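Asks: At position 83 of the sequence shown (counting the first as 1) the number is 94 in my numbering, and the numbers step up by one without a gap.
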Amino acid sequence: MTLMTRTLTKILLITATVVLLAGCFRTPQWTLFYVADQAPLPTKIVQQDHIAGYYDSLEQCQAKGTGMLRLQASSVPAEQAFVCAELCQVDEQQQLQCKSQVAGVVDDAI
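1) Taking the C-alpha atoms as reference points, what is the distance between GLY64 and LEU82?
2) Report the partner residues of ALA96 according to the DSSP bridge assignment.
3) Starting from ALA63 and walking both ways along the beta strand (DSSP E), at which residues does that stretch end?
4) Residues in its own chain within less than 6 Å of ILE56 by CB, not counting five upstream and five downstream?
5) With DSSP run on the structure shown, which of helix, strand or coil describes LEU107?
6) State the Cα-Cα distance for the pair SER85 and LYS75, rounded to the nearest angstrom.
7) In or out: LEU80 buried (at least 16 other Cβ within 10 Å) or exposed?
8) To which residues of the same chain is GLN100 closer than 7 Å at the C-beta, ignoring the five residues directly before and after it?
9) Under 8 Å by Cβ, that's how I've got GLN73 and ALA96 pegged, so tell me the actual separation to the nearest angstrom.
10) Grab the span of the alpha helix (DSSP H) containing LEU80 for me, first residue to last.
11) Does the beta-carbon of ALA50 have 16 or more other beta-carbons within 10 angstroms, so that it is buried, or is it exposed?
This is the structure:
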């Protein structure tokens, strides 16, 4: 009975470790690009040097961009201040490619 208990304990510990580690490797879906703190404002926002964070949802990304604007008391319109882009990756030519982009906040209720 003791051998069975030890084996079950080991299996549970291994399973728990795998589940916990899987959460560490999750890839965020949305990237925040923020430029409201730059003068003059760049014409192309979606660049690697403008990355301000990674988020699981568009709403989280937009909330962070809006919050950064409020904290800076910036007068830059949200549409010019930040972009949330989906599934961004660097291609073979070292260029950033994103599936889609949303400038600023779609819904002012955020």
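The beta-carbon is built from N, C-alpha and C at its ideal position, and this holds for glycine as well. These numbers were taken from a predicted model, which means no experiment stands behind them.
Replies: Reading from the atomic positions:
1) Each residue's alpha carbon lies about 16 Å from the other.
2) DSSP output for ALA96 lists THR42, GLN112 as bridge partner(s).
3) Looking at the DSSP string, the run of the beta strand (DSSP E) that includes ALA63 is 62 to 66.
4) These residues qualify, in order along the chain: PHE44, VAL46, VAL94.
5) In the three-state scheme derived from DSSP, where H, G and I count as helix and E and B as strand, LEU107 is classed as strand.
6) Roughly 14 Å between the two C-alpha positions.
7) In summary, LEU80 is buried, with 16 or more beta-carbon neighbours lying within 10 Å of its beta-carbon over all protein chains present.
8) GLN108.
9) Taking the Cβ atoms as the reference, GLN73 lies roughly 12 Å from ALA96, outside the contact range of under 8 Å.
10) Membership of LEU80 in the alpha helix (DSSP H) is indicated by the continuous run 69 to 83.
11) Of the other Cβ atoms in all chains shown, fewer than 16 fall within 10 Å of the Cβ of ALA50; this residue is therefore exposed.
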